[in-house]
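Report on the following structure.
Chains as they are written, first to last, in our numbering: chain A, -8 to 303; chain B, 53 to 304.
Shown next, in the form of structure tokens:
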């Protein structure tokens, strides 16, 4: 649980972050979205005190972060930055072992943890441990960057535009990896991006910032359906709103009793996939199959339409 | 081709140097035409070997002191606390480079006397600039996100400096040291004018007696030393750069 209370940060005359309050629930992904200069990175970096707040309080699990020395605080929080920032003169293994080494772990324990993390990111230890960062592909470097951040088993992971430097295909894979790892480890993630699509895809909650102010803080569906007037509205209008909304729910949520002809849809498919199938097959409804393959009902265009629209 | 020429040229230069220093009498037939009036062909007022060792020792000590000073200054002015001293340090170091070593010698002798001391002062001052500037450049060239990552991982400022910044700046710093050593190698010859032992003695003796053979011996030995040391340090630099992965970065 992270709580920011009336946090502000001033750089000279400029108010980079202006009275931001928000709380992040344990085990969730919160995405802070905004354009450059919105104060999103500054907000993130105040959580691990790379930047000290000018005023306000930040608590992690109830404990005021200002009460802990900065280095000690940061060793307990995972941190991933754009372009990964791997140490080019250290091997992959030594990079991953950065924080365990600082914490004085025994060599055996560190080594075991490095192997664990490499296999978590499906990289074979014997292939990768001794390589240097410049011998890796962009996607591999990114994974090592995340592995390094997770090495000392932090409960909280801060990510500053972690996928910004990746090409679209590798980025999609990196996003899926992150979602899988977050689910598996149950860690809390706060991620900064300028990409609304990325925010909608990854976030349990999205915080939209502009000009240092927190404009709206809500789950993605809420942001899409009821964006705050002004900046958030303009930001959300840019993406295919109805399709985004549909991609957030699964077929199971709108399955209705009845039958229909055609190939059945899995109940775990997203509504966006369902719409795509319906349009492609030129049908008004399709049957829905449960996890065991038996038909449990149908999904109709009308129900999808009702789900995809904004407020009347 | 250059892969073969490099080592061969290196070996040839080393062989020539060793021969000139250890067996100068071998060169009598070559150097004879450069002498007049039956003057001695080979330097005879001291062993060339011991003069060479003195010369190397002088340069080594001056370079060590200079490196230590320039490194400490370079690191200091790139820290937050020392940033405001950058212009001052830079002008000081530049003066050290602009002021002719001969003038430094002339001014130092009345204060510290003749011998090794004034020569060391002149060499240290003269060799500061390349190391100082390269230390600054090397530290500034460390990618910002790498330093940011180091801070974000919880390295304290000292750990950041010694584990991340200096190792990554090392190839550039080494290039500065190489330049400084080579400059000192030549400049050290003037130390002989204030009675510091070194190869300058041979050259000055030749100048005083119009003995071109002496001048050639002294000059060639100094030149070969400089070339070999330059080459050796450049190889070391490339090794370090390769290890830090920066060569590959540059080469793409």
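C-beta: ideal position from N, C-alpha, C; glycine also. Computed from a predicted model, the values in this text were never measured in an experiment.
CB contact check: residue i to chain A, cutoff 8 Å
i: residue 304/B; result: Confidence in residue 304/B is poor, its pLDDT being 31 and thus under 50, which makes the residue's placement too unreliable to answer from.
i: residue 7/B; result: Because chain B in this structure spans residues 53 to 304, residue 7/B falls outside the shown range and cannot be described.
i: residue 186/B; result: no
i: residue 135/B; result: no
i: residue 190/B; result: no
i: residue 205/B; result: yes
i: residue 201/B; result: yes
i: residue 208/B; result: yes
i: residue 156/B; result: no
i: residue 295/B; result: yes
i: residue 220/B; result: yes
i: residue 216/B; result: yes
Cβ of residue i within 8 Å of any chain B Cβ
i: residue 342/A; result: Because chain A spans -8 through 303 in this model, residue 342/A falls outside it and cannot be assessed.
i: residue 5/A; result: no
i: residue 119/A; result: no
i: residue 2/A; result: no
i: residue 41/A; result: yes
i: residue 89/A; result: yes
i: residue -7/A; result: no
i: residue 62/A; result: yes
i: residue 72/A; result: yes
i: residue 35/A; result: no
i: residue 50/A; result: no
i: residue 141/A; result: no
i: residue 93/A; result: yes
i: residue 367/A; result: This structure leaves residue 367/A out entirely; chain A is present only between -8 and 303.
i: residue 290/A; result: no
Residue i and residue j closer than 8 Å at C-beta
i: residue 23/A; j: residue 187/A; result: no
i: residue 112/B; j: residue 167/B; result: no
i: residue 129/B; j: residue 143/B; result: no
i: residue 257/B; j: residue 266/B; result: yes
i: residue 216/B; j: residue 202/B; result: yes
i: residue 86/B; j: residue 241/B; result: no
i: residue 73/A; j: residue 156/A; result: yes
i: residue 0/A; j: residue 86/A; result: no
i: residue 40/A; j: residue 205/B; result: no
i: residue 251/B; j: residue 270/B; result: yes
i: residue 181/B; j: residue 134/B; result: no
Residue environment, residue i, which counts as buried when at least 16 other CB atoms sit within 10 Å
i: residue 198/A; result: buried
i: residue 100/A; result: exposed
i: residue 97/B; result: exposed
i: residue 302/B; result: For residue 302/B, the pLDDT reaches just 41, beneath the cut-off of 50, and the residue's location in the model is therefore unreliable, although a value from the coordinates is still provided. Answer is exposed; the Cβ neighbour count stays below 16.
i: residue 90/A; result: buried
i: residue 273/A; result: exposed
i: residue 31/A; result: buried
i: residue 25/A; result: buried
i: residue 296/B; result: buried
i: residue 5/A; result: exposed
Between the CA atoms of residue j and residue i - distance to the nearest angstrom
i: residue 304/B; j: residue 221/B; result: Since pLDDT at residue 304/B reaches only 31, below the 50 mark, its modelled position is unreliable, and the value read off the structure follows with that caveat. Near 19 Å, if we compare the C-alpha coordinates of residue 221/B and residue 304/B.
i: residue 68/B; j: residue 95/B; result: 17 Å
i: residue 124/B; j: residue 109/A; result: 39 Å
i: residue 257/A; j: residue 288/A; result: 11 Å
i: residue 59/A; j: residue 214/B; result: 24 Å
i: residue 283/A; j: residue 259/A; result: 12 Å
i: residue 47/A; j: residue 10/A; result: 8 Å
i: residue 120/A; j: residue 270/A; result: 48 Å
i: residue 58/B; j: residue 230/B; result: 18 Å
i: residue 224/A; j: residue 129/A; result: 34 Å
i: residue 165/B; j: residue 244/B; result: 13 Å
i: residue 124/A; j: residue 134/A; result: 11 Å
i: residue 186/B; j: residue 177/B; result: 16 Å
i: residue 171/B; j: residue 160/B; result: 8 Å
i: residue 150/A; j: residue 51/A; result: 16 Å
i: residue 320/B; j: residue 273/B; result: In the structure as shown, chain B begins at 53 and stops at 304. Residue 320/B is therefore absent and cannot be evaluated.
Selected residue, minimal CA-CA separation from residue i, among the options
i: residue 195/A; options: 279/A, 290/A, 45/A and 14/A; result: 14/A
i: residue 190/A; options: 163/A, 51/A, 204/A and 175/A; result: 163/A
i: residue 157/B; options: 55/B, 118/B and 174/B; result: 174/B
i: residue 210/A; options: 19/A, 234/A, 80/A and 183/A; result: 19/A
i: residue 12/A; options: 2/A, 26/A, 5/A and 37/A; result: 37/A
i: residue 232/B; options: 279/B, 183/B and 219/B; result: 183/B
i: residue 144/A; options: 127/A, 0/A, 170/A and 104/A; result: 104/A
i: residue 235/B; options: 163/B, 110/B and 260/B; result: 110/B
i: residue 53/A; options: 175/A, 45/A and 17/A; result: 17/A
i: residue 92/B; options: 261/B, 169/B, 138/B and 278/B; result: 261/B
i: residue 292/A; options: 285/A, 242/A, 214/A and 281/A; result: 242/A
i: residue 142/A; options: 281/A, 294/A, 172/A and 122/A; result: 172/A
Where residue i meets chain E, residues with beta-carbon distance less than 8 Å
i: residue 198/B; result: Of the chains in the structure shown, none is chain E; the protein chains are A and B.
Residue i CB to nearest heavy atom of the ligand GTP below 7 Å
i: residue 176/B; result: For the structure depicted, the ligand GTP is absent and the ligand set is empty, with no information on it obtainable.
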